[in-house]
Amino acid sequence: MNISMGWYVSLMLCLGRWGEMGRWDILRKNSLTPVVTPLLSPSHQALANQLRDAWELAEFPLPFLQLCGGDDAAKLDIVNVLCYGLDYDFGILSTALLPSSSQELYQLQLRWEREALLNQRLLFLDCQPLSFADNARATAIHFWIEGLNTPVILSSLERLNLPHRTVTSFDVLPLSFPEKMSLWSRHLGDNAHFLNGKMTQLSYQFNLNPSMIEAACTQALVKDQESLGSFLWTFCRTQARPRLDDLAQRLETTAVWSDLVLPEPQYEILTEIATQLQHQSKVYHEWGFANKSDRGLGLCAMFHGASGTGKTMAAEVLAGQLNLDLYRIDLSVIVSKYIGETEKNLRRIFDAAAVGGAILLFDEADALFGKRTEVNDSRDRHANVEVSYLLQRMEAYQGLAILTTNLKKSLDKAFLRRIRFQVEFPFPNATNREEIWQRVFPPQTPTQDLDYKKLSKLQVAGGHIRNIALNAAFYAAGSEEPVKMKHLHQAAKREYLKMEKILTADEVKGWV
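Whatever position you read off the sequence shown (first residue = 1), add 2 for this note's numbering.
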């Protein structure tokens with residue numbers, strides 16, 4: 003059996019407890035899974051040709067080939083085409099399933115080498131879950147990989163260092179904009195003209211691989227012409243949704259422009275950000291600005307102001323208008339004391355989010371962006387490297403990346419100059435607070451004798467106003483009454499206690 007017959011063997015080795023030698027039988031009992039040799043994009047076909055040349059021109063022992071990047075499906079398609087040309091099968095193994103025992107690893111090596119020799123099979127080794135930290139298991143697996151004497155392709159997000167083996171690394175890059183346009187056009191056929199130019203936006207916004215684009219178009223064939231564009235956008239947004247559970251929180255976006263109470267200049271900057279996001283594909287590709295330079299094409303912004311002034315809500319409004327996902331990342335959590343770990347976390351976030359161009363909201367920028375100090379040791383030097391890396395990724399990110407801070411003055415001016423948009427969220431004055439109070443209750447909420455002028459005397463920002471209104475609603479519901487000033491007074495006392503502030507008599511004068 004060989005790959006030219008349109009088949010490959012997927013050896014998902016569920017190793018578990020290897021004391022029972024019968025478990026090795028899984029190497030021989032895997033069923034055959036029929037596949038169709040994929041048609042690669044020009045750039046990925048060129049990469050498959052490079053891989054083939056690297057092996058055909060190499061002397062024994064064959065070098066390890068390494069595919070770097072986060073698109074596992076694209077990597078497998080490339081390896082599938084490579085094996086087709088070499089008349090090879092391939093097995094798939096994740097390092098997460100490998101045992102820790104050196105003896106068991108050695109036995110596995112012997113079994114696999116026999117399997118590879120008898121069936122002309124190479125190993126696709128998924129190293130993405132593997133950390134080469136200084137511990138016994140990782141060290142044992144490290145040496146096991148280096149000891150393999152069969153054709154091996156390593157898959158990882160970043161380059162792996164194997165001191166005792168020659169490793170030739172290749173980056174699996176996303177499809178280019180013209181390649182994506184070509185795929186959308188091919189799979190949509192005559193339906194493409196019903197998108198009214200939205201195909202350009204789809205190609206720019208979503209870095210989908212060929213199989214995902216084909217799946218989207220197949221699903222769209224059953225949709226009517228009017229809903230085709232919105233269906234494809236929603237489908238792509240869902241398919242491209244990154245897996246960032248341990249590093250970021252996806253926020254549900256319900257806020258709209260009317261929920262924001264800001265001075266006019268701030269509104270203008272926010273609408274300008276939205277406009278630029280909506281028309282990136284036109285300006286950069288249709289009008290050719292991306293051909294001039296690929297530097298500085300990212301859209302990065304800083305929202306600064308006191309807690310509760312609307313920074314997160316503004317990000318929600320932008321995400322809602324643009325129909326994009328919004329992820330909140332707490333920089334104080336992902337910043338690590340271990341050298342290199344912060345950049346690794348940031349790389350994971352940006353690489354995963356780039357597939358769908360999600361809006362990234364980096365909270366607590368002060369944790370990383372404090373004023374630069376004199377570089378006295380390696381830690382100071384590396385802190386500056388972390389900041390530079392984040393700004394570099396923000397500037398190159400094709401979506402919107404937002405930094406929020408309560409303390410803009412603590413940030414280094416050299417870094418601030420690299421932020422494209424800076425929006426101040428001022429503490430609301432009495433007029434603004436009255437407007438926020440008038441909008442804070444949903445239309446269906448029963449209220450009675452609320453005095454918004456008196457409520458505006460509370461010296462709190464919009465976020466705290468919403469907390470007070472919500473708690474007052476629960477107090478009212480518990481007493482089976484409409485929301486009254488007495489409920490708001492009770493809720494205000496609770497909120498001030500939480501804020502560790504004193505609720506003065508002047509602020510609540512005449513409430514009850």
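Cβ coordinates follow ideal geometry from the N, Cα and C atoms, glycine included.
Which of helix, strand or coil DSSP assigns to residue i
{"i": "residue 314", "result": "helix"}
{"i": "residue 485", "result": "strand"}
{"i": "residue 506", "result": "coil"}
{"i": "residue 433", "result": "helix"}
{"i": "residue 35", "result": "At residue 35 the pLDDT is 41, less than 50, meaning the model places this residue with poor confidence; the figure from the coordinates comes in the next sentence. Strand at residue 35."}
{"i": "residue 498", "result": "helix"}
{"i": "residue 68", "result": "strand"}
{"i": "residue 460", "result": "coil"}
{"i": "residue 49", "result": "helix"}
{"i": "residue 155", "result": "strand"}
{"i": "residue 513", "result": "coil"}
{"i": "residue 443", "result": "coil"}
{"i": "residue 219", "result": "helix"}
{"i": "residue 277", "result": "helix"}
{"i": "residue 123", "result": "strand"}
{"i": "residue 261", "result": "helix"}
{"i": "residue 141", "result": "helix"}
{"i": "residue 178", "result": "coil"}
{"i": "residue 173", "result": "strand"}
{"i": "residue 452", "result": "coil"}
{"i": "residue 333", "result": "helix"}
{"i": "residue 419", "result": "coil"}
{"i": "residue 167", "result": "coil"}
{"i": "residue 370", "result": "coil"}
{"i": "residue 343", "result": "helix"}
{"i": "residue 267", "result": "helix"}
{"i": "residue 289", "result": "coil"}
{"i": "residue 40", "result": "coil"}
{"i": "residue 61", "result": "coil"}
{"i": "residue 490", "result": "helix"}
Below-9 Å beta-carbon distance, residue i vs any chain D residue
{"i": "residue 93", "result": "Of the chains in the structure shown, none is chain D; there is only one protein chain."}
Bridge partner(s) assigned by DSSP for residue i
{"i": "residue 327", "result": "Residue 327 pairs with nothing; no bridge assigned."}
{"i": "residue 427", "result": "307"}
{"i": "residue 184", "result": "None; residue 184 has no bridge partner."}
{"i": "residue 361", "result": "328"}
{"i": "residue 128", "result": "96, 157"}
{"i": "residue 253", "result": "328"}
{"i": "residue 301", "result": "402"}
Which listed residue (the options) has its alpha carbon closest to that of residue i
{"i": "residue 446", "options": "268, 458, 485, 466", "result": "485"}
{"i": "residue 346", "options": "236, 334, 415, 392", "result": "392"}
{"i": "residue 65", "options": "111, 47, 124, 236", "result": "124"}
{"i": "residue 83", "options": "409, 232, 42", "result": "42"}
{"i": "residue 244", "options": "216, 514, 210, 483", "result": "210"}
{"i": "residue 128", "options": "321, 293, 159, 455", "result": "159"}
{"i": "residue 440", "options": "260, 154, 246", "result": "260"}
{"i": "residue 239", "options": "56, 289, 328, 60", "result": "328"}
{"i": "residue 515", "options": "189, 351, 199", "result": "This structure gives no information on residue 515, because the portion of the chain shown stretches from 3 to 514."}
{"i": "residue 212", "options": "224, 409, 402, 183", "result": "183"}
{"i": "residue 288", "options": "263, 324, 203", "result": "203"}
{"i": "residue 577", "options": "416, 448, 467", "result": "Not covered by the structure: residue 577. The range shown for the chain is 3 to 514."}
{"i": "residue 357", "options": "93, 122, 206", "result": "206"}
{"i": "residue 350", "options": "97, 217, 169, 250", "result": "250"}
{"i": "residue 152", "options": "57, 474, 233, 106", "result": "57"}
{"i": "residue 315", "options": "70, 93, 264", "result": "264"}
{"i": "residue 90", "options": "105, 73, 119", "result": "119"}
{"i": "residue 187", "options": "471, 216, 167", "result": "216"}
{"i": "residue 517", "options": "45, 144, 229", "result": "Outside the shown range of the chain, which is 3 to 514, sits residue 517, and nothing can be said about it."}
{"i": "residue 367", "options": "400, 40, 307", "result": "307"}
{"i": "residue 438", "options": "236, 463, 417, 422", "result": "463"}
{"i": "residue 201", "options": "178, 170, 214, 234", "result": "234"}
Check: residue i C-beta below 8 Å from any heavy atom of the ligand FAD
{"i": "residue 88", "result": "The model depicted lacks the ligand FAD and carries no ligand whatsoever."}
Open item on the list: At 3 residues or longer, what runs of the beta strand (DSSP E) sit wholly inside the region 74 to 119?
Closed with: Counting only runs of 3 or more, we get 91 to 96.
TODO: Only counting runs of 3 or more residues, tell me where the beta strand (DSSP E) segments fall wholly within the region 383 to 416, in order along the chain.
DONE: 402 to 407
Task: Runs of alpha helix (DSSP H) wholly within the region 182 to 217 (minimum 4 residues, chain order) - done: 200 to 207
Open item on the list: Counting beta carbon pairs with one atom in the region 246 to 255 and one in the region 169 to 186, are three or more of them shorter than 8 Å?
Closed with: The region 169 to 186 makes no contact with the region 246 to 255; the number of CB pairs closer than 8 Å stays below 3.
Open item on the list: My parser needs the alpha helix (DSSP H) runs of 4 or more residues fully inside the region 225 to 251; what are they?
Closed with: 230 to 241
Task: Cβ contact (3+ pairs, closer than 8 Å) linking the region 297 to 314 and the region 275 to 289 - done: Yes: the two stretches touch, three or more of their Cβ pairs being nearer than 8 Å.
Open item on the list: Count Cβ pairs between the region 150 to 170 and the region 192 to 208 that sit closer than 8 Å; are there 3 or more?
Closed with: no
- [ ] Inspect the CB distances between the region 404 to 417 and the region 362 to 372 and report whether three or more fall short of 8 Å.
- [x] yes
Open item on the list: For the pair the region 419 to 430 and the region 329 to 336, tell me if three or more CB-CB distances fall below 8 Å.
Closed with: At 8 Å Cβ cutoff, the stretches do not touch.
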